[in-house]
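Set out below in structure tokens:
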């Protein structure tokens, strides 16, 4: 499950749940799958996402991130530097985020390159746990929960 998908999941369908978002994420196994960075796509997706859930996911993931340092000769000519996502995704969405390509790269990495293979999602109101197995969150409810 990509973390961009996590941002859209809710347990609101459970009987008695008013909001059901953001779900508490627990990661047991993850994989990083590189994908092509498209800053325009990331910037245009952000208004559809909940920033507090993005920030929370960055805190849970908390893995080292390697991004090339920009140089006049281009990023391919410079060594990467290590950054921690938990420290580099700010708690509040900055204004003019489109002007900050480094932050867009970090968001791209968080949302599209980290694949949660095993873990769980927990409803913040009821504590109901939804397992993530082989990258697929099982959000099916029992008959008595609907």
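Residue numbers (our numbering): 2 to 147. Backbone N, C-alpha and C fix where the C-beta goes; we use that ideal spot for every residue, glycine too. Everything numeric in this text was worked out from a predicted model, so none of it was measured.
inquiry  = Bridge partners for residue 122 per DSSP, in chain order?
reply    = Looking at the DSSP assignment, residue 122 forms a beta bridge with 26 and 131.
key: residue 81 to residue 14 span [Cα, whole Å]   = Note on residue 81: pLDDT 48, under 50, position unreliable in the model; the coordinate value appears next. Whole-angstrom Cα-Cα distance: 44 Å.
ask   = Under the three-state reduction of DSSP, which class applies to residue 49: helix, strand or coil?
value = Residue 49 falls in the helix class under three-state DSSP.
ask   = Tell me, which residues are paired with residue 116 by DSSP?
value = Under DSSP, the beta-bridge partners assigned to residue 116 are 3 and 32.
ask   = Secondary structure at residue 137, three-state DSSP: helix, strand or coil?
value = If DSSP states are grouped into helix, strand and coil, residue 137 belongs with the strands.
request  = Compare the C-alpha of residue 106 against each of 96, 60, 40 and 100 and name the closest.
outcome  = For residue 106, the nearest C-alpha among the options comes from 40.
ask   = If you compare alpha carbons, which of 144, 139, 12 and 121 is closest to residue 29?
value = Nearest neighbour of residue 29 by Cα position, chosen from 144, 139, 12 and 121, turns out to be 121.
Residue 50 versus residue 131 - alpha carbon distance = Between the alpha carbons of residue 50 and residue 131 lies a gap of roughly 21 Å.
ask   = How many Å lie between residue 108 and residue 90 at the Cα?
value = As the crow flies, the alpha-carbon of residue 108 is around 8 Å from that of residue 90.
For residue 135, the nearest candidate out of 128, 117, 12 and 124 (CA to CA) = When each option's Cα is compared against that of residue 135, the closest is 117.
task = Below 8 Å on the Cβ atoms is my guess for residue 93 versus residue 4; work out the distance and round it to an integer in Å.
result = With a Cβ gap of about 19 Å, residue 93 and residue 4 do not count as contacting.
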